[in-house]
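Order-wise, the sequence lines are chains A, B and C. Sequence positions in the first sequence follow our numbering and run 3 to 277. Sequence positions in the second sequence follow our numbering and run 3 to 269. Sequence positions in the third sequence follow our numbering and run 801 to 1060. All remarks here apply to the structure that follows.
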Amino acid sequence: MLNPALRDPAALPRLALTLLAVLLLWPGLALSELNLAVLFDERNATNMGRFLADFWPLAHDREFLRLLGRATLETLAIATAGMALALLIAIPGALLASRALSLSAVHRSGRPAWWARALRWPVRGLLIVLRSVPEIVWALLFVRAVGLGPTAGVLAIAITYSGMLGKVYAEIFESVDPRPSRALLIAGSPRLAAFAYGILPNAAAEMLSYTVYRWECAIRASVVMGFVGAGGLGQQIDLSMRMFAGGQVASMLLTFLLLVLLADQLSRLLRARLL
Amino acid sequence: MSISLSGVGLTHANGQVALSEIDLQVKLGERVAIIGPSGAGKTSLLRLLASNLQPSSGQIQLLGQQPWQLGARQRQQLRARIGLIHQAPPLPPRQRVVTAVLAGKLGQWSLGKSLLNLLHPLDMPGARAALSRLDLADKLFERCDQLSGGQLQRVGIARVLYQAPELILADEPVSAMDPVLAGHTLSVLNEEVSRRGMTLLASLHAVELALAHFPRIIGVREGRIVFDLPPEAIGASALDALYANELLPAVPASATPAPVSVQIPRC
Amino acid sequence: MKPAADKRLGNYALLLALLAAVVASFRFLGIDPGALVGGDSLSQMGRYAGSFFNPDFSAPHLRAIGHGALETLAMSAIGTLLAALLGLLLALPAAGRFGWLALSGSRLLLNALRAIPELVWAALVVLAAGLGPNAGTLALALHTTGVLGRLFAETLENTPNEPAEAIRLSGGGHVAAFCYGTLPTVWPQLIAYSLYRWENNIRMASVLGFVGAGGLGQMLYVSLSLFQEAQAATVILAMLTLVLGVDAFSGWARQRWVSA
């Protein structure tokens, strides 16, 4: 048997990919000014060390603890209220955007007509825009609009999370078995009824699971938004940092970690219970 | 002496006795088949010989060295001279055949060369030669998950051939192939082993294949060696006794000569 | 039938408790939903929103935004890449490859890294290393290492060990056994997780600028503080474009290379 020259068919694509990676890596490193050495630099280390040394002793006077308790409750309240408002927008949004309730799809085995898809596009687009702008940017804007405090945080979460919840709900509706709802639509039932009886029973568990998971994320987001003045634990941490009150910052960070842990446990409990 | 076992016993962690009082001597260049009922300990024996398992009792010598008296590094060097053909080929599904075959020499290559080989195969002619002995040369650049069971087993054999060890241990190397292909593959394996002066121990569950291709047959039952004979000396009664109590009533007849003309396998 | 009825009663009670929690939250914060959307407040917000509808598209500002966008993109990409490498390194002990002590230690480290949000990391790194995109990249890398390390460890735990062991048995070293035996199988998952995290990090990178870590975030913070809404509007548009672009690329890449 003749022995033709062997060429690895994957050689050219791999070479091209490697070249591309190198071409992108170089400016990437330059723009990001990556310099790991700063973490190990002696002067910076003493700076960090002094900052961290301030963390001990943890602040634990009664006045401060009361403030801490209130701030924690505020963070929880911001997350819960924000999620509630987000649901008000997300559920109608998901119903409008989802192809699962499309009447034209019923006779086309699941794919809506072109005009049905076009009509849904604005709603989908809106949901995408709402979730693509980071929530902290919304928080910053709302702080400027309605002033410092938790209201800005609630509104920011409401807007961003309505986009996230709406998109995921729409996808959940489309992923469950379409036959019950389609049968109802063919029989002439109104869309909302077809949803309630055909889709909701199968989708409810997944929806709840995702909502609880998002609530947990909302708590962390509330703390982060506090840094720009949206109330709660984050705002307090920001204030204490400006005053260089290391002990207070440490106590609050600890509380934050505990809060996240508790929320994680609660979320797991709820999801196990509901599924 | 290629292999020397004396008084070797193996007990699994759960207390089950896999092998007991194994005495085995295999000379350089010998070709031995191991037969026996399922659960007799054939795989345990081969893994013991591959230095994968440590014997609970007795002495073991491989290629003139005692593997469990060596340091870890030296044991790895010893292992590079022994090739184990697994019954279920341990090949990652997404890996390409060429890389899977070239992996046979990882015990002999430096780290740098091994990593470079991942990016671009360094010895394509060598891999192709190994595969062409098993009629798989055209699958050089396919992914392993695109091959059938029999093809995968042949890739596993090609990998060990590429490794070019001094001792080959084959654990049911043709179990996923049809009888014609299995016979052909065993012929090829035996040819390669004879040509390169390697030692071969193969466990087989198809007794006809063992009797047809190997000049020395070892029967294993319940962890002990029952007989160690050339194929002519094995009668139907010996085989009956070996496989007694199996679910099947029938027992294969004594040795029939392998077919002289073999079609090129299609699989 | 009794257990099902009990469960339904429990679910109703839970639902009621959730509703009560929502109402309590609003009252605790002193937010009156009516006042929120009623008369004066809405028009005030409307006026503020209106000031954004005339974005500044002048050439020098667009150039600055272009540079900021590239900086943000670089921060998120390099940070994610670094995190993937470090995460893989830490995932090996975390998956139990080096014994129990290494497992506990690495898991503790990974949990600590991911528990602290990126913004807090950024604030700390700025304090230690000064302002600029380096702080943002490092902050993203540190947090994402925790996240990816844990995901990678779980993937490694679910991967069969036989191919790597077979290579060890033929004399190969540990690194070669991992690269030839385990990596081919886990490779697609690792890339999928990394791309997914990049989608998150491009959003975070925009934001880290608020604490001085460079990029579009810093531009936004500055322009909002100076009440230059027109300029801020362009920055927000740029952020949006970046996020949508990265999301689209990540989705395409995951579909093309990973789902097989």
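Where a beta carbon is used, it is the ideal one built from N, C-alpha and C, also for glycine.
### Task
Would you verify that the beta carbon of residue 969 of chain C is, or is not, closer than 7 Å to some beta carbon of chain B?
yes
### Task
Grab me the residues of residue 235 of chain B's own chain with a C-beta within less than 6 Å of its C-beta, minus the 5 sequence neighbours each way, in chain order.
For residue 235 of chain B, same chain residues with a beta-carbon under 6 Å away, outside a window of 5 residues either side, do not exist.
### Query
Can you give the Cα-Cα distance for residue 192 of chain A and residue 185 of chain A, rounded to whole angstroms?
12 Å
#### Entry: Environment of residue 921 of chain C [buried if 16+ CB atoms lie within 10 Å]
buried
### C-beta contact flag for residue 175 of chain B and residue 84 of chain B at 7 Å
In terms of Cβ geometry, residue 175 of chain B and residue 84 of chain B do not form a close pair [threshold 7 Å].
### Query
Roughly how many angstroms separate the alpha carbons of residue 871 of chain C and residue 232 of chain A, rounded to a whole number?
27 Å
### residue 40 of chain A: contacting residues in chain C (beta-carbon distance under 9 Å)
The answer, in chain order, is 925, 928, 929, 930, 934, 935, 938.
### Task
Just mark residue 119 of chain B as buried or exposed, buried being the case when its beta carbon has 16 or more other beta carbons within 10 Å.
buried
### Message
In whole angstroms, give me the CA-to-CA distance for residue 147 of chain A and residue 1026 of chain C.
### Response
Their Cα atoms are separated by approximately 14 Å.
### Task
Name the residue from A:155, A:9, A:161, A:257 whose alpha carbon lies nearest to the alpha carbon of residue 91 of chain A.
A:161
### Query
Would residue 830 of chain C be called buried (16 or more neighbouring beta carbons within 10 Å of its own) or exposed?
exposed
### Task
With 7 Å as the threshold, decide whether the Cβ of residue 11 of chain A is near any Cβ in chain B.
yes
#### Entry: Beta-carbon proximity check, residue 2 of chain B vs residue 20 of chain B, cutoff 7 Å
Only positions 3 to 269 of chain B appear in the structure, and residue 2 of chain B is not among them; the question remains open.
### Nearest candidate by alpha-carbon position, reference residue 269 of chain A, set A:52, A:219, A:50, A:137
A:219
#### Entry: For residue 96 of chain B, the three-state DSSP class (helix, strand or coil)
coil
### Query
How would you label residue 62 of chain A, buried or exposed, when you count the other beta carbons within 10 angstroms and need 16 or more for buried?
So residue 62 of chain A ends up on the exposed side.
### Task
Consider the Cβ of residue 812 of chain C: report whether some Cβ of chain B lies at a distance smaller than 7 Å.
Residue-level contact check: residue 812 of chain C does not touch chain B, since none of the beta carbons of chain B fall below 7 Å from its beta carbon.
#### Entry: When C:1035, C:944, C:989, C:1048 are compared against residue 864 of chain C, the one with the closest alpha-carbon
C:1035
### Short Cβ contact (7 Å threshold) for residue 159 of chain A with residue 183 of chain A
no
### Message
So within the region 33 to 113 of chain B, which uninterrupted beta strand (DSSP E) runs reach at least 3 residues, ignoring any that extend past its ends?
### Response
33 to 37, 59 to 64, 84 to 87
#### Entry: the ligand SAM heavy atom lying under 6 Å from the CB of residue 231 of chain A
With respect to the ligand SAM, the structure offers nothing, as it holds no ligand at all.
### Query
From residue 269 of chain B to residue 152 of chain B, what distance separates their C-alpha atoms?
Reliability of the predicted coordinates at residue 269 of chain B is poor, the pLDDT of 47 falling under 50, and the value obtained from them is presented with this limitation in mind. Answer to the nearest angstrom: the Cα atoms are 8 Å apart.
### Message
Need the endpoints of the alpha helix (DSSP H) that residue 1041 of chain C sits in, please.
### Response
1029 to 1053
### Query
At a CB-CB cut-off below 8 Å, which residues of chain A make contact with residue 122 of chain B?
Those are 10, 13, 16, listed as they occur along chain A.
### Query
Going by Cα to Cα distance, which pick from C:868, C:926, C:979 is closest to residue 1037 of chain C?
For the set C:868, C:926, C:979, the Cα lying nearest the Cα of residue 1037 of chain C is the one of C:868.
### Query
Between the region 965 to 981 of chain C and the region 879 to 887 of chain C, do three or more beta carbon pairs fall short of 8 Å?
no
#### Entry: For residue 108 of chain A and residue 187 of chain A, believed in contact at Cβ under 8 Å, the rounded distance
5 Å
### Query
For residue 287 of chain B, which three-state DSSP category applies?
Any answer about residue 287 of chain B is impossible in this case: the structure gives chain B only from 3 up to 269.
### Query
Is residue 269 of chain A helix, strand or coil by DSSP?
helix
### Message
Quick test of your reading: residue 913 of chain C and residue 945 of chain C, contact by CB under 8 Å. State the CB separation rounded to the nearest angstrom.
### Response
5 Å
### Query
So the beta strand (DSSP E) residue 221 of chain B belongs to, where does it begin and stop?
218 to 223
### Neighbourhood of residue 68 of chain B by C-beta, 8 Å cutoff - its chain only, sequence neighbours within 5 removed
61, 62
### Query
Are there 16 or more other CB atoms within 10 angstroms of the CB of residue 929 of chain C, so buried, or fewer, so exposed?
buried
### Message
Between the region 853 to 860 of chain C and the region 991 to 1006 of chain C, can you find at least three pairs of beta-carbon atoms closer than 8 Å?
### Response
Between the region 991 to 1006 of chain C and the region 853 to 860 of chain C, the count of C-beta pairs closer than 8 Å stays below three; the two stretches do not touch.
### Message
From the DSSP secondary-structure annotation, give me the bridge partner or partners of residue 145 of chain B.
### Response
B:98
### Task
Determine, using beta-carbon pairs with one atom in the region 209 to 219 of chain B and one in the region 117 to 137 of chain B, whether at least three such pairs fall under 8 Å.
The region 209 to 219 of chain B, when compared against the region 117 to 137 of chain B, does not touch it at the 8 Å Cβ threshold.
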